[in-house]
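Read through the structure below, which is laid out as structure tokens, and then see the notes.
Protein chains: 2
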Amino acid sequence: MIHRKAADTVPAPIETGGAEGIRYARLIGLEHGAPNVILRHFFIDEGGHSPRHAHPWEHEVYVLSGTGSLTTASGETRLAPGDSVLVAPDEEHQFKAGAGGLGFLCIVPPEGDAGMNSEKR
Amino acid sequence: MIHRKAADTVPAPIETGGAEGIRYARLIGLEHGAPNVILRHFFIDEGGHSPRHAHPWEHEVYVLSGTGSLTTASGETRLAPGDSVLVAPDEEHQFKAGAGGLGFLCIVPPEGDAGMNSEKR
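So the protein sequences, as listed, match chains A and B. Numbered by the working numbering, the letters in the first sequence go through residues 1 to 121 in order. Numbered by the working numbering, the letters in the second sequence go through residues 1001 to 1121 in order.
See below:
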């Protein structure tokens, strides 16, 4: 059993292409023995956004705090705490933060987390 | 893209062997096209608990609200909002709720959710 306290997994700023104002913490990763998927915590500062992109893996998302939106080919969906989202494999998408920023969990298979820095977080 | 609003996924009471005071909602499941894992929301009422059991799949857990504990062969670990946990495959475990109940997300591969009722939730 691995137990990571909230204070040990506070999202910290990262730089990835096309991202602005994003913080990231890996909560449960391969280094903890995760067999199937990686559990990550993101926080996007007010006015920030993720890259608009697509990739072969899915996102399963749970909104923790704040306000924001998810844009796909279908348009813009407003997000609120307690909402959950499935972004399908190969679906173009972009998260944007509104007032107060946007905090959420994002679950991906291991290949979806491989490019992230902050390896020790 | 699947978007499920918080109001559409409020955990409702379930009965599973050895469980007491547990509510459950499937947030993202096979019926939504989840390719790898199922995202579920549990709430255990104050004084309630999950079965003490083990199974071949892992749990990845994120604590949303309340107080409680996780008991494994290593003893009892107290849980608080923002904590994350990996219960390894075949590891015996039991969640218990303290004052105010315990709310958490629990991520499992599809075989770990197959026995759950509330199929339409």
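Glycine included, each C-beta is placed from N, C-alpha and C at the ideal position.
(1) Rounded to the nearest angstrom, what separates A/P89 and B/R1052 at their Cα positions?
(2) Output, in chain order, the set of chain B residues within a Cβ distance shorter than 8 Å of A/G86.
(3) Among the candidates A/A6, A/Y62 and A/T71, whose CA atom is the shortest distance from the CA of A/V108?
(4) Taking the alpha carbon of A/L86 as the reference point, which residue from A/A99, A/G98 and A/T72 has its own alpha carbon closest?
(5) Can you list the residues of chain B that A/G82 reaches, using a CB-CB cut of under 7 Å?
(6) What does the alpha-carbon distance come out to for the pair A/G112 and A/W57?
(7) What do you reckon, are the CB atoms on B/A1080 and A/A25 nearer than 8 Å?
(8) If you draw a straight line from the alpha carbon of B/R1121 to that of A/T9, how long is it in whole angstroms?
(9) Would you mind sorting A/I38 into buried or exposed? The rule is 16 or more other CB atoms within 10 Å of its CB.
(10) Rounding to the nearest angstrom, what Cα-Cα distance links B/P1011 and A/G103 in this structure?
(11) In its own chain, which residues sit with a C-beta less than 6 Å from the C-beta of A/A19, not counting the 5 before and 5 after it?
(12) Going by C-alpha distance, which of B/S1069, B/C1106 and B/A1097 is nearest B/G1021?
(13) According to the Cβ coordinates, are B/A1034 and A/E60 closer than 8 Å?
(14) Residues in the same chain with beta-carbon distance under 7 Å from A/G17, minus the five sequence neighbours each way, listed in chain order, please.
(15) Give the interface partners of A/S74 over in chain B, defined as CB-CB distance under 9 Å, in chain order.
(16) If the cut is a Cβ gap below 8 Å, which residues of chain A does B/I1141 touch?
(17) What are the residues that DSSP puts in a beta bridge with A/A73?
(18) Count the other C-beta atoms from every protein chain shown that fall within 10 angstroms of the C-beta of B/L1030, then say buried if there are 16 or more, exposed otherwise.
(19) Which of the three DSSP states is assigned to A/P110 in this structure?
(20) Taking B/R1040 as the reference, give the member of A/D83, A/I28 and A/P13 with the closest Cα.
(21) Straight-line CA distance for B/H1055 to B/E1092?
With the given structure in hand:
(1) In the first sequence, residue 89 of chain A corresponds to position 89, counting from 1. In the second sequence, residue 1052 of chain B corresponds to position 52, counting from 1. The straight-line gap from Cα to Cα measures roughly 36 Å.
(2) As a first step, residue 86 of chain A must be located in the first sequence, where it is residue number 86. It should be noted that the sequence gives Leu, not Gly, for residue 86 of chain A. Correct list: M1001, I1002, I1028, H1032, G1033 and A1034.
(3) Here residue 108 of chain A refers to the residue found at position 108 when the first sequence is read from its first residue. Per the Cα distances, A/Y62.
(4) Taking the first residue of the first sequence as 1, we reach residue 86 of chain A at position 86. Nearest of A/A99, A/G98 and A/T72 to A/L86, Cα basis: A/T72.
(5) For the purposes of this step, residue 82 of chain A is identified with residue 82 of the first sequence, where counting begins at 1. Chain B residues near A/G82: A1006.
(6) Along the first sequence, one-based indexing puts residue 112 of chain A at 112. Along the first sequence, one-based indexing puts residue 57 of chain A at 57. Looking at the two C-alpha atoms, the distance is approximately 6 Å.
(7) Numbered from its first residue, the second sequence carries residue 1080 of chain B at position 80. Numbered from its first residue, the first sequence carries residue 25 of chain A at position 25. No, they are not a contact pair.
(8) Taking the second sequence and counting its residues from 1, the one referred to as residue 1121 of chain B is at position 121. Taking the first sequence and counting its residues from 1, the one referred to as residue 9 of chain A is at position 9. Bear in mind that a pLDDT of 37 at B/R1121, under 50, signals an unreliable position, so the number given afterwards is only what the model happens to contain. Going from the Cα of B/R1121 to the Cα of A/T9 covers about 31 Å.
(9) As a working mapping, residue 38 of chain A is identified with position 38 in the first sequence. It is buried - the Cβ of A/I38 has at least 16 other Cβ atoms within 10 Å.
(10) Your numbering for residue 1011 of chain B matches position 11 in the second sequence. Your numbering for residue 103 of chain A matches position 103 in the first sequence. Looking at the two C-alpha atoms, the distance is approximately 21 Å.
(11) The residue given as residue 19 of chain A occupies position 19 in the first sequence. Excluding residues within five positions, the ones whose Cβ falls inside 6 Å are S50 and P51.
(12) Working through the second sequence from its first residue, we reach residue 1021 of chain B at position 21. Comparing Cα positions, the closest option is B/A1097.
(13) As a first step, residue 1034 of chain B is located in the second sequence; it is residue number 34 there, counting from the start. As a first step, residue 60 of chain A is located in the first sequence; it is residue number 60 there, counting from the start. Yes. Within cutoff.
(14) Along the first sequence, read from residue 1 onward, the residue named residue 17 of chain A stands at position 17. Hits under 7 Å: P51.
(15) Taking the first residue of the first sequence as position 1, residue 74 of chain A is located at position 74. Ordered by position in chain B, the residues that pass the 9 Å Cβ test against A/S74 are M1001.
(16) Because chain B here runs from 1001 to 1121, residue 1141 of chain B falls outside it and cannot be looked at.
(17) Along the first sequence, one-based indexing puts residue 73 of chain A at 73. In DSSP, A/A73 forms no bridge with anything.
(18) Taking the second sequence and counting its residues from 1, the one referred to as residue 1030 of chain B is at position 30. Result: exposed.
(19) Along the first sequence, one-based indexing puts residue 110 of chain A at 110. Residue state, collapsed to three classes: helix.
(20) Counted from its first residue, the second sequence places residue 1040 of chain B at position 40. Checked all of A/D83, A/I28 and A/P13; the closest Cα to B/R1040 is A/D83.
(21) Working through the second sequence from its first residue, we reach residue 1055 of chain B at position 55. Working through the second sequence from its first residue, we reach residue 1092 of chain B at position 92. So the two alpha carbons sit approximately 8 Å from each other.
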